[in-house]
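Enquirer:
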Amino acid sequence: VGVEKDGSDKKINSSTIFEAASLSKPVFAYAVLRLYDRGLIDIDKPLLNYIGTYERFDAKNPNYGKITARMVLRHTTGLSNWGDEKSVGFLFPPDSCFSYSGEGYQFLQKVLEKKLNKSLNDIIQEEVFTPLKMESSSYVWNDKFAAVSSFGNSAEVINRHKNSNAAFSLLTNAQDFSIFLQALIKGVGLKPVTHKMMFEKQSRANRFKSKPRPADKYIDWGLGVGLQQNEHGKSVWHWGDNGSYKCFFMVYPKRNEFLVYFTHSLNGLNITDEIAKLFFGNQTCWVVKWLDYGYKSPVLIKELKAELAKKGYEYAREVVKEKKQKDSKYELSETDLNSLGYSLLQKEEIGKAVEIFKLNVSLFPESWNVYDSYGEALFKHGKKEEAVKMYQKSLELNPKNENAKKALEQILK
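Counting from 5, one number per residue, gives the positions in the sequence shown under the working numbering.
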């Protein structure tokens, strides 16, 4: 269902290749558990015991030596989601809290590659793709994908991953991933006790240093997958977000029901609640509340878009100023405006996006992120000098902003 982009007649279908983003993680977790079943890895053994050292870890810190595969798969390693170019640090001691971490998956990948003397893609090919006959999936780019990627094939449109990453580099389609989910439901290729363990609560999904939210008590983590409890029973789920590629799956094992969808849209996860209800019937989708995607104030954004469509986006700041004068409680969210700006960028309405990001900068002058986004829009609008100033301001506010550093290198080279 769907088309290549707004205004296009070119259809996508179940064979269309998408970036699967973090749906890479459950596939990798399934492979890890198959290796565990054959005694090739102990998921409770410290991973550094297998390889000795890891270049992204500080050898002087003993906490790195405590990390196990189980901690990786249930996101309790203590590692940040992503570190900097050279290293990754701890948010908290291993196995003391939950915090989603791509770094953990990358570390486990390196351990398996060294132990088995194989690349990640070869490991997954042997453990998952070949036995399940998933013929259109890979953790690295395959030239055959060019014929079935309806979004174009340049690196700017779909990542041609040369280096595999267990956390995010899977390229696949809905047909192949459906095959995987059917196997996952039935436990194909796993010992019954291991399959049961994968779907059992391994950690609470209360995010580190986040305020408790109503959804938290309904969301847990298994091994490589999220778990949800609601009026329909237990479901297994995961989401993916590689920027303009967003995707989601949900499985009800006892009902033998599942759905998976892939999008090429910054707003691709805003429809999860509606899609889940369409397929599974009316329910409380705590996953959506836990993920917290979508506009925080959708009515305000809808009203703003309608007014700017009449007056012109160049009047964005004046329109908001008038609304604030009429209603002292009128307040737009920084993240909502950023999301609106990026949705306009994706539609190639760059001039409009520039005005929205300019508005965001005026409303949130102390936020490094708004300058970063404004710089990106200005650069795409051909205003390089102004873009440089915005990226520099972003770095002034946040010297660790790697995106701004890379953008400046690209602009100034």
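Every residue, glycine too, gets a C-beta built ideally from N, C-alpha and C.
1) Which residues does DSSP pair with residue 207 in a beta bridge?
2) Hey, residue 183 and residue 254: beta-carbon distance below 8 Å or not?
3) Rounded C-beta distance between residue 176 and residue 140? I'm assuming under 8 Å.
4) Answer yes or no: do residue 484 and residue 143 have a C-beta to C-beta separation smaller than 8 Å?
5) Which residues bound the alpha helix (DSSP H) around residue 394?
6) Rounded to whole angstroms, what's the CA-CA distance from residue 59 to residue 322? Just pull it up for me.
7) Quick check: what's the CA-CA separation for residue 156 versus residue 22?
8) With a CB to CB cut of under 6 Å and the five nearest residues on each side skipped, what residues in its chain are close to residue 273?
9) Which of helix, strand or coil does DSSP assign to residue 106?
10) Note down the Cα distance separating residue 186 from residue 124, rounded to an integer number of angstroms.
11) So if DSSP puts residue 246 in a beta bridge, which residue, or which two residues, is it bridged to?
12) Excluding the 5 residues preceding and the 5 following residue 135 in the sequence, name in chain order all residues of the same chain whose CB lies nearer than 7 Å to its CB.
13) Rounded to a whole number of angstroms, what is the C-alpha to C-alpha distance between residue 239 and residue 221?
14) Let's see if you can read the secondary structure: which residues bound the beta strand (DSSP E) around residue 232?
15) Suppose you measure from the CA of residue 159 to the CA of residue 331; what does that come to, to the nearest Å?
16) For residue 328, which residues from the same chain have a beta carbon less than 6 Å from its beta carbon, with the 5 sequence-adjacent residues on both sides left out?
17) Quick one: any contact between the region 208–220 and the region 61–70, if contact means 3 or more CB pairs under 8 Å?
18) For residue 97, which residues from the same chain have a beta carbon less than 7 Å from its beta carbon, with the 5 sequence-adjacent residues on both sides left out?
19) Apart from the five residues on each side of it in sequence, which residues of its chain come closer than 7 Å, Cβ to Cβ, to residue 174?
20) Using alpha carbons as the reference points, say which of 388, 369 and 395 lies closest to residue 377.
21) Flag this pair as touching only if the region 309–321 and the region 279–294 have three or more C-beta atom pairs under 8 Å; answer yes or no.
22) Please identify the residue among 14, 115 and 62 whose C-alpha is closest to the C-alpha of residue 49.
23) Output yes or no for whether 8 Å exceeds the beta carbon distance between residue 102 and residue 210.
24) Thinking C-beta only, is residue 372 closer than 8 Å to residue 407?
25) Who are residue 23's beta bridge partners in DSSP?
26) Exposed or buried, which one is residue 345 when buried takes at least 16 other CB atoms within 10 Å?
27) From 361, 148 and 40, pick the residue whose C-alpha is nearest to that of residue 119; which is it?
28) With H, G and I counted as helix, E and B as strand and the rest as coil, what does DSSP make of residue 238?
29) I need the straight-line Cα distance from residue 55 to residue 276, nearest angstrom please.
30) How far does the alpha helix (DSSP H) with residue 375 in it extend, from its first residue to its last?
31) Residue 140 by DSSP, collapsed to three states: which one?
32) Could you compute how far the alpha carbon of residue 110 sits from the alpha carbon of residue 257?
33) Comparing alpha-carbon positions, which option in 237, 172 and 171 lies nearest residue 203?
34) Mind reading off the beta-carbon distance from residue 178 to residue 266? Whole number of angstroms is fine, and I expect it under 8 Å.
Expert: Looking at the coordinates:
1) Note: residue 207 sits in a beta bridge opposite 225.
2) Contact: no.
3) Contact flag correct, Cβ pair sits at about 6 Å.
4) Since the first residue shown for the chain is 5 and the last is 417, residue 484 is missing from the structure and cannot be characterised.
5) From DSSP, the alpha helix (DSSP H) with residue 394 extends over 388–401.
6) Whole-angstrom Cα-Cα distance: 52 Å.
7) At residue 156, the pLDDT of 48 sits below 50, so the modelled position is not reliable; the number obtained from the coordinates is stated separately. Taking the straight line from one Cα to the other gives about 11 Å.
8) 250 and 297, listed in sequence order.
9) In this structure, residue 106 counts as helix in the three-state DSSP scheme.
10) Rounded to whole angstroms, residue 186 to residue 124 spans 23 Å at the Cα level.
11) Note: residue 246 is bridge-paired with 249 in the DSSP secondary-structure output.
12) Cβ-Cβ distances below 7 Å link residue 135 to 193 in the same chain, with the five nearest sequence neighbours on each side left out; the list follows chain order.
13) One C-alpha to the other measures close to 14 Å.
14) From DSSP, the beta strand (DSSP E) with residue 232 extends over 230–234.
15) Unreliable positioning characterises residue 159 in this predicted model, as indicated by a pLDDT of 45, which lies under 50. The coordinate reading is nonetheless provided below. If I take the Cα positions, the gap works out to 46 Å.
16) In chain order, 334 place their CB closer than 6 Å to the CB of residue 328, counting only its own chain and leaving out the 5 sequence neighbours on each side.
17) Result no; under three Cβ-Cβ pairs closer than 8 Å.
18) Residues 67 and 82 of the same chain have their beta carbon placed closer than 7 Å to that of residue 97, with the five preceding and five following residues left out of the count.
19) The residues are 24, 27, 28, 31, 141 and 143.
20) Here the closest residue by C-alpha is 395.
21) Three or more Cβ pairs closer than 8 Å define a contact, and the region 309–321 falls short of that threshold against the region 279–294.
22) Out of 14, 115 and 62, the CA that lies nearest to the CA of residue 49 is found in 115.
23) Residue 210 is positioned such that its CB atom lies closer than 8 Å to that of residue 102.
24) The Cβ atoms of residue 407 and residue 372 do not sit closer than 8 Å to each other.
25) Per DSSP, the beta-bridge partners of residue 23 are 175.
26) Looking at its Cβ environment, which holds 16 or more other Cβ atoms inside 10 Å, residue 345 is buried.
27) Checked all of 361, 148 and 40; the closest Cα to residue 119 is 40.
28) When DSSP states are grouped into helix, strand and coil, residue 238 belongs to the strand group.
29) Roughly 40 Å separates the two Cα atoms.
30) Counting along the chain, the alpha helix (DSSP H) containing residue 375 begins and ends at 372–384.
31) Three-state result, residue 140: coil.
32) Our two residues, residue 110 and residue 257, have alpha carbons roughly 28 Å apart in a direct line.
33) Comparing Cα positions, the closest option is 237.
34) Taking C-beta atoms under 8 Å as the contact rule, residue 178 and residue 266 qualify, at a distance of about 6 Å.
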